[in-house]
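Listed in order, the protein sequences are those of chains S and C. Residue numbering for the first sequence is 43 to 233, as defined by our numbering. Residue numbering for the second sequence is 43 to 233, as defined by our numbering. Note that beta-carbon positions come from the ideal geometry of N, C-alpha and C, so glycine has one too.
2 protein chains.
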Amino acid sequence: MTEPRRSTPKSIRTRQAIEEAAKYLFALNGFERTTVRDIAARAGIDPAMVIRYFGGKDALFARVAALDLRLPDLGGAESDMIGETLVRHFLALWEGEAAGGGGMPVLLRSAASNEEAAARLRDIFREQVFPAIARAGPPETAAQRAGLVASQLLGLALTRYVLKLPPVAALDAETIVREVGATVQRYATGH
Amino acid sequence: MTEPRRSTPKSIRTRQAIEEAAKYLFALNGFERTTVRDIAARAGIDPAMVIRYFGGKDALFARVAALDLRLPDLGGAESDMIGETLVRHFLALWEGEAAGGGGMPVLLRSAASNEEAAARLRDIFREQVFPAIARAGPPETAAQRAGLVASQLLGLALTRYVLKLPPVAALDAETIVREVGATVQRYATGH
DNA sequence: CCTTTTTGTCAACGATTGTTGACTAATCTG
DNA sequence: CAGATTAGTCAACAATCGTTGACAAAAAGG
């Protein structure tokens with residue numbers, strides 16, 4: 043499926059294999075514990091290729107950690123559904139990691155001990171989360187509201203996907219949408 | 043408090059210096075990026091002493107990461123203040139890191155990429171957070187309620203102290219107690 | 001003062017890390 | 001098919017890691 047109609051220069055395959063392996067391992071173990079050799083082994087090629095194609099471990103991480111939250115426009119009419127909408131969106135983004143996205147676990151794993159990853163998360167917040175939340179309430183409280191939303195959503199991701207706290211990991215999606223959605227709704231709109 | 047009246051065998055000083063240096067560096071950089079040599083340098087002694095006194099890097103981490111949340115009894119009469127009480131308690135615990143505690147930043151930094159640290163956080167949740175929350179509502183939903191509380195409180199700690207997300211780091215304590223307290227209150231009691 | 005135990009330093013080990021350059025195999029171009 | 005470019009492998013490098021054992025300095029005990 044998704045067959046490349048155009049001619050594959052044959053190297054694109056391995057490039058993608060490296061990216062996939064890196065994404066998987068970075069998300070699983072974080073930046074520090076993931077070695078270039080592990081990535082190469084998982085991609086089935088030589089460690090030297092990782093450096094030749096991406097310039098180094100740092101550059102590869104920067105490429106793999108690119109993340110587009112694809113936040114929906116929250117300025118719509120149904121302003122009382124903002125919380126549920128947001129939570130549902132994030133759940134779909136995180137759960138369906140197989141899709142194009144999947145950069146979030148990578149960042150979350152690494153941001154705790156890697157300042158570059160943390161800075162990238164701050165960028166994502168400033169460029170994507172903040173503007174989206176800003177439209178859902180008074181501008182003067184936009185930063186605070188967006189910050190509170192981030193604290194809840196990142197906390198959910200942390201406890202559910204990284205720490206795998208049993209009661210949180212066991213929650214079904216609809217419960218999360220209902221409970222956490224109510225919180226996000228209150229944070230986003232400021233009551 | 044708890045002053046050692048007995049004579050100091052002179053080595054206790056260095057033991058404490060190692061523990062302090064380790065606590066500081068583990069909290070700053072996480073487990074993986076903190077080296078035994080860095081700890082020794084900060085404590086002003088030889089790296090070999092770290093191993094001799096604590097057996098190894100892992101054992102030192104385990105000792106330093108010990109954490110007692112000292113959660114207050116939430117079974118009291120004022121059940122509508124549980125949220126604010128909890129948030130205030132955690133803020134005091136995290137903010138006053140200089141005190142005896144301060145194990146939380148250590149764990150939070152490392153748990154993202156260190157399975158042992160993650161397991162320790164799960165233990166703390168199970169042994170301390172869960173029982174405290176269980177008394178604040180119906181037993182059959184205790185796990186879910188405690189999990190949601192943890193997702194919000196750990197998310198707050200993550201965004202405020204680890205990621206240092208500007209709007210969250212800038213929040214004053216009273217605002218946090220009010221806003222996040224309301225959320226925790228709802229999670230803890232199940233409405 | 002001599003002996004014993006504790007406290008500390010020093011150098012080095014084996015393993016692992018990211019990275020590099022030389023070399024071979026494959027593929028493309030004419 | 002001949003030549004050139006690309007894809008890939010291999011061994012090794014320098015650096016750093018946690019850890020160890022031999023040894024010196026200092027304190028303690030008689």
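Item                                                                                                                                  : Value
Under 8 Å (Cβ pairs) to chain C, residues found in the stretch 215-231 of chain S                                                     : Thr217, Glu221, Val222, Ala224, Thr225, Arg228 and Tyr229
Within chain C, the residues that Ala192 (chain S) reaches when beta carbons sit closer than 9 Å                                      : Gly197, Thr201, Leu205, Leu207, Pro209 and Val210
Backbone secondary structure at Asn71 (chain S) - three-state DSSP                                                                    : helix
Beta-carbon proximity list for Tyr66 (chain C), same chain, < 8 Å, skipping 5 on both sides                                           : Arg84
Neighbourhood of Gln194 (chain C) by C-beta, 7 Å cutoff - its chain only, sequence neighbours within 5 removed                        : Val222, Thr225, Val226 and Tyr229
Beta-carbon contacts of Asp88 (chain S) that lie in its chain and below 7 Å, excluding the five residues immediately before and after : Ala82
Phe172 (chain C) to Thr56 (chain S) span [Cα, whole Å]                                                                                : 47 Å
C-beta neighbour in chain C for Gln186 (chain S), strict 9 Å                                                                          : yes
Burial state of Ile166 (chain C) (16 or more Cβ within 10 Å)                                                                          : buried
Cβ-Cβ distance between Lys206 (chain C) and Arg75 (chain S) below 9 Å                                                                 : no
Whole-angstrom distance between Leu113 (chain S) and Met146 (chain C), CA atom to CA atom                                             : 32 Å
Between the CA atoms of Thr231 (chain C) and Ile175 (chain C) - distance to the nearest angstrom                                      : 8 Å
Members of the stretch 72-106 of chain S near chain C, C-beta cut-off 8 Å                                                             : Gly72, Phe73, Glu74 and Arg75
Within 9 Å, strictly: CB atoms of Gly197 (chain S) and Leu200 (chain C)                                                               : yes
Cut-off 7 Å between Cβ atoms - residues of its own chain near Arg187 (chain C), not counting five sequence neighbours on either side  : Ile175, Gly179, Tyr229, Ala230 and Gly232
Residue range of the unbroken alpha helix (DSSP H) whose run includes Gln170 (chain S)                                                : Here Gln170 (chain S) belongs to no alpha helix (DSSP H), and DSSP marks it neither H nor E.
Under 9 Å between C-beta atoms of Met91 (chain S) and Ile60 (chain S)                                                                 : yes
Sequence-distant residues of its chain with Cβ nearer than 7 Å to Gly189 (chain C) (five each side left out)                          : none
Proximity below 9 Å, CB of Phe96 (chain S) to CB of Asn156 (chain S)                                                                  : no
Contact with chain S by Arg177 (chain C), beta-carbon distance below 9 Å                                                              : no
Through-space distance from Arg105 (chain S) to Ala159 (chain S), alpha-carbon basis                                                  : 11 Å
Identity of the residue in C:Glu216, C:Glu169 and C:Glu62 nearest Phe103 (chain C) by Cα                                              : C:Glu62
Residue nearest to Glu216 (chain S) in terms of C-alpha spacing, selected from S:Gln170, S:Phe132 and S:Thr183                        : S:Phe132
Proximal residues of chain S, C-beta to C-beta of Ser155 (chain C) below 8 Å                                                          : Asn71, Gly72, Phe73, Glu74, Arg75, Arg151, Ser152, Ala154 and Ser155
CB-CB length for Gly117 (chain S) against Arg177 (chain S), believed under 8 Å                                                        : 4 Å
Reference Glu182 (chain S), options C:Glu182, C:Arg168 and C:Pro209, closest by Cα                                                    : C:Pro209
Neighbouring residues, chain S, relative to Arg130 (chain C) (Cβ below 7 Å)                                                           : Within chain S, no residue comes near Arg130 (chain C); the closest Cβ sits about 16 Å away, beyond 7 Å.
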